[in-house]
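Engineer: Take a look at this one; I'll ask things after.
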Amino acid sequence: MSVKFEKVTYIYDNGTSNSFRALKEISLSIKTGEFFAIIGHSGSGKSTLIQLINGLLKPTMGKVFVNGLDTSAKDLKALRKTVGMVFQYPEHQLFDETVYDDIAFGVRKMGLHEVDVKERVYATIKLLGIPESLLTHSPFEISGGQKRRVAMAGVIVMNPDILVLDEPAAGLDPSGKKEMFKLIQKLNKQMGLTIVMVSHNMEDVALVADRIAVLVEGEIILSGAPAEVYSDQERLRKIHLDVPEITSFMNLVMERTGQPNHTFLSVAEAKQAIVDRLKPPASESESGGEMP
Amino acid sequence: MMKINIGQYVVGDSVMHKSDPRTKIILTFVFLAVVLLIDSFIGFGICLAFVAFTVINSGISIRSALRGMKPIFFLLLITVTLNLFTIPGKSLISFWVFNITDQGVIVSLKTALRLLLLVSGASILTFVTTPTVLTDGIETLMSPLKRIKVPVHEFAMMMTIALRFIPTLLEESDKIIKAQSARGADFDTGNLFKRVKAYVPIIIPLLFGSFMRANELATAMEARCYKGGEGRTRMKVLAFSKNDVIVVFAFLILVAVEIVLRVYGKALI
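As they're listed, the protein sequences go chains A and B.
Here the first sequence is numbered in our numbering, starting from 3 and rising by one per residue.
Here the second sequence is numbered in our numbering, starting from 269 and rising by one per residue.
Structure (structure tokens):
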């Protein structure tokens, strides 16, 4: 078990007149190597939850454990090494003279020898698809998409076991978004990183996440595999979270045609099902039948 | 998510809240003059009662009013101590090199009261007026200076924008500090030089962001045809009301009482 929340409550400005209860007795556990997504509207406590994972915030009540380490401990060095944190719009944290120095910032802080630093930086940019020619540029003169990758590289270079991402695709165009999710999946599948991703968009996480938790006003109201979570459409609609378009479309189709219930998450899967259905029972035709 | 209070404005609906910022600014200056004029304990007492009444009437909690006094605590302590031990007069207590006199006690008490009143008077203004309205008031009061080519409107606009972006900057610095500490930045250890250097990864993104934002804001303002103060009208025109009459009247009574006390009240210490 890599991340474990035990009845965690977090209260901002505790004890003052404008105290605010952001999380209410959250209990959850994230397995090693899992791709875990947290979904919720702004103000639902998503950002608070992920900041608890690497000790930037300490729980008001309850405990958070990461690989067995208690995050309320004084010394957070080990924890910070374990958990990599990519904030929303991470490119806003770029500061150094060159892309290379910026990526190297964290590893240098870890006290690594410059030779090892170089090795790590090159390995990371290769992994993230950042061209080597970019390393000598100033991080302020490269494009927006590249900035985000460089900022992410600055976190991944520290070799974390768990990578926490807050809306990693925010503000990216559709193709950039696709690439970003592909990249995160690659980190998850190939590098074996445990991923904790925060999003407000159901569609984005439907295909990539192993497990989803839906957060509403500081409480987890639904959790499970995407198909499980999306099958409870009624409940999701009540809290104004949309299921992916293809899921609701297929639900409608199934309702009309009297098909058994199934939760479709991808267009490809839905297409296959439709094609199968439209195939004439006698399989001599190659065209797939007439479209209705 | 983070809640930040700028200035110390307290939301309210009192006479003081509703009166015109110009009235409040001028009266604050009048009040400061009055405080400097007082020299008897009775005078201080009346003034203190007046301040207390205003504070309570405006719905400011005593706790937040006292919190506003925190910054001058040390100043107060130093002035009182200095006065207490250095002013000559009839000796009351004396030990070693220290000699406390009756005059020393009286003068230090009065100085303390005066300082307290000065600061509380000025802070009441910020308690009952939002920074934006305050800037508006200052701009209108200063507008005669436009005659001699002082860019009053531009200064006021700069002030408004600066005030507007303080919360944004705070929020952003909070975010960047978190992001850099997650990358292993350490702000609390090492010598002074090291610590100052540790803030470079915070300050540079913050500066960069500010310039970007300033640029965008300027473009947005120009796109909406902003071209300085000339010929510009206001959505909320400042206007005097019944509340101003009440406030001015209350102040006039205070001023009158204090002047009478000052002139005829020498015997009252």
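For every residue, glycine included, the Cβ atom is placed at its ideal position computed from N, Cα and C.
Taking three-plus beta-carbon pairs below 8 Å as touching, is the stretch 74-91 of chain A in contact with the stretch 406-423 of chain B?
Structural biologist: no
Engineer: Taking contact to mean 3 or more Cβ pairs, one atom from each stretch, closer than 8 Å, check whether the stretch 281-293 of chain B and the stretch 350-365 of chain B are in contact.
Structural biologist: By the C-beta criterion, the stretch 281-293 of chain B is judged not to be in contact with the stretch 350-365 of chain B, since fewer than 3 inter-stretch pairs fall below 8 Å.
Engineer: Could you check the C-alpha separation between Phe-461 of chain B and Ile-471 of chain B for me, to the nearest Å?
Structural biologist: Start at 1 with the first residue of the second sequence, and residue 461 of chain B comes out as number 193. Start at 1 with the first residue of the second sequence, and residue 471 of chain B comes out as number 203. About 15 Å.
Engineer: Answer yes or no: do Gly-224 of chain A and Ser-46 of chain A have a C-beta to C-beta separation smaller than 7 Å?
Structural biologist: Numbered from 1 along the first sequence, position 222 holds the residue referred to as residue 224 of chain A. Numbered from 1 along the first sequence, position 44 holds the residue referred to as residue 46 of chain A. According to the sequence as given, residue 224 of chain A is Leu; it is not Gly. Cβ distance not < 7 Å, so Leu-224 of chain A and Ser-46 of chain A don't count as in contact.
Engineer: Which ranges would you report for the beta strand (DSSP E) in the stretch 106-172 of chain A if only whole runs of at least 3 residues count?
Structural biologist: 164-168
Engineer: Just reading off the beta strand (DSSP E) that Ala-39 of chain A is part of, what are its end residues?
Structural biologist: Indexing the first sequence from 1 puts residue 39 of chain A at position 37. 37-41 is the extent of the beta strand (DSSP E) around Ala-39 of chain A.
Engineer: For a cutoff of 7 Å on Cβ pairs, would you count Arg-451 of chain B as touching chain C?
Structural biologist: Given the protein chain composition of this structure (A and B), no chain C is represented.
Engineer: Return the Cβ separation of Val-200 of chain A and Ile-13 of chain A in integer angstroms, given the expectation that the two are a contact with Cβ distance under 8 Å.
Structural biologist: Here residue 200 of chain A refers to the residue found at position 198 when the first sequence is read from its first residue. Here residue 13 of chain A refers to the residue found at position 11 when the first sequence is read from its first residue. Actually they are not in contact, since the Cβ atoms of Val-200 of chain A and Ile-13 of chain A sit about 20 Å apart, beyond 8 Å.
Engineer: So Ser-449 of chain B is in the alpha helix (DSSP H); what residue range does that whole segment cover?
Structural biologist: Sequence index remark: in the second sequence, residue 449 of chain B carries index 181 (1-based). Ser-449 of chain B -> alpha helix (DSSP H) spans 420-450.
Engineer: I want to see whether chain A comes within less than 7 Å of Val-358 of chain B, judged by CB atoms only; does it?
Structural biologist: Taking the second sequence and counting its residues from 1, one reaches residue 358 of chain B at position 90. A small fix is needed here, since residue 358 of chain B is Lys in this sequence, not Val. It does not; no Cβ of chain A falls within 7 Å.
Engineer: Can the beta-carbon of Thr-18 of chain A be found closer than 7 Å to that of Met-63 of chain A?
Structural biologist: Mapped onto the first sequence, residue 18 of chain A falls at position 16. Mapped onto the first sequence, residue 63 of chain A falls at position 61. No, these two residues do not count as a Cβ contact at 7 Å.
Engineer: Kindly indicate the opening and closing residues of the beta strand (DSSP E) around Val-66 of chain A.
Structural biologist: Numbered from its first residue, the first sequence carries residue 66 of chain A at position 64. Start and end: 63-68.
Engineer: Could you tell me which chain A residues have their CB closer than 7 Å to the CB of Ile-472 of chain B, listed as they occur along the chain?
Structural biologist: Walking along the second sequence from the start, residue 472 of chain B turns up at place 204. Per Cβ cutoff of 7 Å: Phe-97.
Engineer: From what residue to what residue does the alpha helix (DSSP H) around Leu-409 of chain B run?
Structural biologist: The residue you call residue 409 of chain B lines up with position 141 of the second sequence. 399-410 is the span of the alpha helix (DSSP H), which, as asked, contains Leu-409 of chain B.
Engineer: If you measure from the beta carbon of Leu-58 of chain A to each beta carbon in chain B, is any gap under 7 Å?
Structural biologist: Within the first sequence, numbered from 1, the residue matching residue 58 of chain A stands at position 56. Yes, Leu-58 of chain A counts as interfacial toward chain B.
Engineer: Note down, in chain order, every chain B residue with its Cβ under 9 Å from the Cβ of Phe-107 of chain A.
Structural biologist: By 1-based counting over the first sequence, the position of residue 107 of chain A is 105. In chain order: Gln-448, Arg-451, Gly-452, Ala-453 and Pro-469.
Engineer: Mind pulling the chain B residues with CB within less than 8 Å of Met-112 of chain A?
Structural biologist: Taking the first residue of the first sequence as 1, we reach residue 112 of chain A at position 110. Within chain B, Gly-452 have C-beta atoms less than 8 Å from the C-beta of Met-112 of chain A, given in sequence order.
Engineer: Are the beta-carbon atoms of Tyr-277 of chain B and Thr-398 of chain B separated by less than 7 Å?
Structural biologist: One-based indexing of the second sequence puts residue 277 of chain B at position 9. One-based indexing of the second sequence puts residue 398 of chain B at position 130. The answer is yes: Cβ separation under 7 Å.
Engineer: Going along the stretch 73-88 of chain A in order, which residues come within less than 7 Å of chain B, judged by CB to CB distance?
Structural biologist: Arg-82 and Met-87
Engineer: Apart from the five residues on each side of it in sequence, which residues of its chain come closer than 6 Å, Cβ to Cβ, to Phe-318 of chain B?
Structural biologist: Counted from its first residue, the second sequence places residue 318 of chain B at position 50. Cβ neighbours of Phe-318 of chain B beyond the five flanking positions: Leu-522.
Engineer: Thinking just about the alpha-carbon of each residue, which of B:Arg-290, B:Val-302, B:Lys-286 and B:Ser-287 is nearest to the one in Leu-520 of chain B?
Structural biologist: Position 252 of the second sequence holds residue 520 of chain B. It is B:Val-302 whose Cα lies nearest to the Cα of Leu-520 of chain B.
Engineer: Could you give the first and the last residue of the continuous beta strand (DSSP E) run that contains Ile-214 of chain A?
Structural biologist: Position 212 of the first sequence holds residue 214 of chain A. It spans 213-218 - the beta strand (DSSP E) in which Ile-214 of chain A sits, taken as one unbroken run.
Engineer: Which one of B:Met-489, B:Arg-451 and B:Gly-405 has the shortest CA to CA distance from Ile-294 of chain B?
Structural biologist: Position 26 of the second sequence, counting from 1, holds the residue named residue 294 of chain B. Of the candidates B:Met-489, B:Arg-451 and B:Gly-405, the one whose C-alpha sits nearest the C-alpha of Ile-294 of chain B is B:Gly-405.
Engineer: By the criterion of Cβ-Cβ separation under 7 Å, what are the contact partners of Val-157 of chain A in chain B?
Structural biologist: Working through the first sequence from its first residue, we reach residue 157 of chain A at position 155. By Cβ distance, chain B contributes Arg-451.
Engineer: Out of A:Ile-28, A:Glu-27, A:Lys-33 and A:Leu-25, state which residue places its alpha-carbon closest to the alpha-carbon of Val-5 of chain A.
Structural biologist: If you number the first sequence from 1, residue 5 of chain A lands on position 3. Out of A:Ile-28, A:Glu-27, A:Lys-33 and A:Leu-25, A:Lys-33 has the C-alpha closest to the C-alpha of Val-5 of chain A.
Engineer: Could you please give the first and the last residue of the uninterrupted beta strand (DSSP E) stretch that includes Met-87 of chain A?
Structural biologist: Position 85 of the first sequence, counting from 1, holds the residue named residue 87 of chain A. Residues 85-88.
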